[in-house]
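> Each step along the sequence shown adds one to the number in the numbering used here, with nothing skipped, and position 236 is 244.
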Amino acid sequence: MDLHNTCESVCAALFGKGEVCSRNELKELLGIGDADLDGALDRLVGTGILIAISGGDKGGVDALSFAPNLALAGVSIDQNDIGAELWFPASRIRHRRSVVASDSDPVPPAIALLREILKSAPDTKVASLGVAFPGLIDTTNGHVQVSTHFPEFNDRPLANEFVEALGCESPVLVERSAVCDMTHALLFSGRELGDALLVSLKTDLSAAALLDGAILYEKSGKLSELGHLKILGGDIPCVCGGTGCVETVVGRLAWEREYGRLRRSANGLPSSLDEALERGVAEAETLVLESFEALMPILECATTILAPEQMLISSDLPADIAEKAAAFLLGKLQSATFGASVRDVIPLNATSTVDGAADIGACWLAGNPQYSGKDPGAAAGSGPWR
Numbered sequence: 009m010d011l012h013n014t015c016e017s018v019c020a021a022l023f024g025k026g027e028v029c030s031r032n033e034l035k036e037l038l039g040i041g042d043a044d045l046d047g048a049l050d051r052l053v054g055t056g057i058l059i060a061i062s063g064g065d066k067g068g069v070d071a072l073s074f075a076p077n078l079a080l081a082g083v084s085i086d087q088n089d090i091g092a093e094l095w096f097p098a099s100r101i102r103h104r105r106s107v108v109a110s111d112s113d114p115v116p117p118a119i120a121l122l123r124e125i126l127k128s129a130p131d132t133k134v135a136s137l138g139v140a141f142p143g144l145i146d147t148t149n150g151h152v153q154v155s156t157h158f159p160e161f162n163d164r165p166l167a168n169e170f171v172e173a174l175g176c177e178s179p180v181l182v183e184r185s186a187v188c189d190m191t192h193a194l195l196f197s198g199r200e201l202g203d204a205l206l207v208s209l210k211t212d213l214s215a216a217a218l219l220d221g222a223i224l225y226e227k228s229g230k231l232s233e234l235g236h237l238k239i240l241g242g243d244i245p246c247v248c249g250g251t252g253c254v255e256t257v258v259g260r261l262a263w264e265r266e267y268g269r270l271r272r273s274a275n276g277l278p279s280s281l282d283e284a285l286e287r288g289v290a291e292a293e294t295l296v297l298e299s300f301e302a303l304m305p306i307l308e309c310a311t312t313i314l315a316p317e318q319m320l321i322s323s324d325l326p327a328d329i330a331e332k333a334a335a336f337l338l339g340k341l342q343s344a345t346f347g348a349s350v351r352d353v354i355p356l357n358a359t360s361t362v363d364g365a366a367d368i369g370a371c372w373l374a375g376n377p378q379y380s381g382k383d384p385g386a387a388a389g390s391g392p393w394r
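(1) Return the CA-CA distance between T147 and S30, expressed in angstroms with no decimal places.
(2) Could you work out which residue in L373, V353, C188, V258 is closest to A204 when comparing CA atoms only?
(3) What are the start and end residues of each continuous alpha helix (DSSP H) run of 4 or more residues lying completely inside the segment 35-70, in chain order?
(4) Using the beta-carbon count (16 or more within 10 Å), is F318 buried or exposed?
(5) In whole angstroms, what separates the C-alpha of V139 from that of C248?
(6) Excluding the 5 residues flanking T359 on each side, which residues of the same chain have their C-beta closer than 8 Å to its C-beta?
(7) Within the continuous alpha helix (DSSP H) that includes E93, where are the two ends?
(8) Only counting the same chain, and skipping five residues up and downstream in sequence, which positions put a Cβ closer than 6 Å to that of L37?
(9) Sorted by chain position, which residues of the same chain lie with C-beta nearer than 6 Å to T211's C-beta, five sequence neighbours on each side aside?
(10) Could you check the C-alpha separation between G67 and L45 for me, to the nearest Å?
(11) Grab me the residues of V257's own chain with a C-beta within less than 8 Å of its C-beta, minus the 5 sequence neighbours each way, in chain order.
(12) Would you mind listing the beta strand (DSSP E) stretches within the segment 132-198 that are 3+ residues and don't spill past its ends, in chain order?
(13) Taking D113 as the reference, which of S128, D89, R351, K127 has the closest Cα?
(14) At the level of alpha carbons, what is the spacing between L320 and L11?
(15) Going by C-alpha to C-alpha distance, which of L237, L195, L209 sits closest to W372?
(16) Find the nearest neighbour of A356 within the set T191, E160, V83, A109, judged by alpha-carbon distance.
(17) Taking a contact to mean a Cβ-Cβ separation below 9 Å, would you say L52 touches L72 in this structure?
(18) May I ask you to report which of helix, strand or coil DSSP gives P245?
(19) Tell me the DSSP bridge mates of S214?
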């Protein structure tokens, strides 16, 4: 095993254990000798990623842990809110803050939010910054190629903007929001995931796939633009400029539009959809749950091609509504001819995107711990990515 692979394997082992790991445990876990392990530890301790715990009078390294001031930073951007966090692998502590998205350009408030968190932890060494963004991303350089919901970001070097504004010496990794959600589920959902399909219903309707334990690295853009498949008919205009898109029927924008119509035709309803769902207003709950029927045509395509064992639904719906939607979809899939492979539908917590933005840093660190930080985004295609 070469030095690069040994370094990433050591980081991956420590992420897996989540605590101090003895030298002997590492040797057994990785199946390597003293010379290979020593070379990796010299590199990782020297760069401040790990700290070595002394072997007492005998000297040498007895155990390793992540440096307590080492953090992975994450930012998530969508049309409703902007979130930022620091995640410290040594303690598993997360510091998260969020603001309502109100500016026409969400990048300056995202940068300000991250600076605010960093001020509260001035000695922090940021190993990487992950940015979750809705759209088609070139992850090799953090460049937004197309974003239907943020057209001003088309052909925009998003990673470089964060590097310049923050003076980053660490890599900035920009990924699709749905991939960040899947990363968080893979690392921290507490469930053993097999082949899985994640559908995100936040700003955009997009998807990510997990196959053979690795997140599918898909360049075609089909999963990122899932909501704009024109298979429903109808004349509701979509933000993409077309009609008949799945996203015009199911997802946050569609729910807000339909709830607005409902309020105009009925008296006494709460002023917002979120308030109505929190208060258990039956009409609001019905319009959301019935909209999930519109997912069935695209799920037929996806499950036929990928044959996932699990489906994950990422949304900002209240937990009880998300559970009902998951049960509805599971019933539909198991009664359909094409959904036999799906044995479980899992609703994800609404905070998973900002968590996942930091978690892609964990995946990067386990794949490229010696990255110099001089070429933003260049490390994004490694680790668990295909």
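Cβ atoms here follow ideal geometry from the backbone N, Cα and C, with glycine treated the same way.
The answer reads as follows:
(1) Translated into positions along the sequence shown, residue 147 becomes position 139. Translated into positions along the sequence shown, residue 30 becomes position 22. Near 35 Å, if we compare the C-alpha coordinates of S30 and T147.
(2) Locating residue 204 in the sequence shown gives position 196, where the first residue counts as 1. Nearest option by C-alpha distance: V353.
(3) Within the segment 35-70, the complete alpha helix (DSSP H) runs of at least 4 residues are 42-54.
(4) As a working mapping, residue 318 is identified with position 310 in the sequence shown. For the sequence presented, residue 318 should be read as Gln rather than Phe. Answer is buried; the Cβ neighbour count reaches 16.
(5) Sequence index remark: in the sequence shown, residue 139 carries index 131 (1-based). Sequence index remark: in the sequence shown, residue 248 carries index 240 (1-based). Straight-line Cα distance between these residues: approximately 23 Å.
(6) Mapped onto the sequence shown, residue 359 falls at position 351. Within the same chain, T359 has close Cβ partners G91, R104.
(7) What you label residue 93 is simply residue 85 of the sequence shown in a count that begins at 1. From DSSP, E93 is part of no alpha helix (DSSP H) but of the beta strand (DSSP E) over 89-96.
(8) Within the sequence shown, numbered from 1, the residue matching residue 37 stands at position 29. Cβ neighbours of L37 beyond the five flanking positions: A21.
(9) Start at 1 with the first residue of the sequence shown, and residue 211 comes out as number 203. Cβ neighbours of T211 beyond the five flanking positions: D86, Q87, P142, H157.
(10) Residue numbering aside, residue 67 sits at position 59 when the sequence shown is read from its first letter. Residue numbering aside, residue 45 sits at position 37 when the sequence shown is read from its first letter. Low confidence applies here, because G67 scores a pLDDT of 47, under 50, leaving its location unreliable and the question unanswered by this model.
(11) In the sequence shown, counting from the first residue as 1, residue 257 sits at position 249. Excluding positions up to five away in sequence, the list reads L240, G242, I244, S299, A302.
(12) 133-141, 144-146, 151-154, 180-184
(13) The residue given as residue 113 occupies position 105 in the sequence shown. For D113, the nearest C-alpha among the options comes from D89.
(14) Within the sequence shown, numbered from 1, the residue matching residue 320 stands at position 312. Within the sequence shown, numbered from 1, the residue matching residue 11 stands at position 3. L320 and L11: Cα-Cα distance of roughly 37 Å.
(15) Here residue 372 refers to the residue found at position 364 when the sequence shown is read from its first residue. The alpha carbon of W372 has as its nearest neighbour, out of L237, L195, L209, the alpha carbon of L195.
(16) Taking the sequence shown and counting its residues from 1, one reaches residue 356 at position 348. The amino acid at residue 356 is misidentified as Ala; the sequence shows Leu. Taking only the C-alpha atoms, the option nearest L356 is T191.
(17) Reading the sequence shown from its first residue, position 44 is the one you call residue 52. Reading the sequence shown from its first residue, position 64 is the one you call residue 72. Contact: yes.
(18) Start at 1 with the first residue of the sequence shown, and residue 245 comes out as number 237. In the three-state reduction of the DSSP assignment, P245 falls in the strand class, which pools E and B.
(19) For the purposes of this step, residue 214 is taken as residue 206 along the sequence shown, with counting starting at 1. Paired residue(s): S208.
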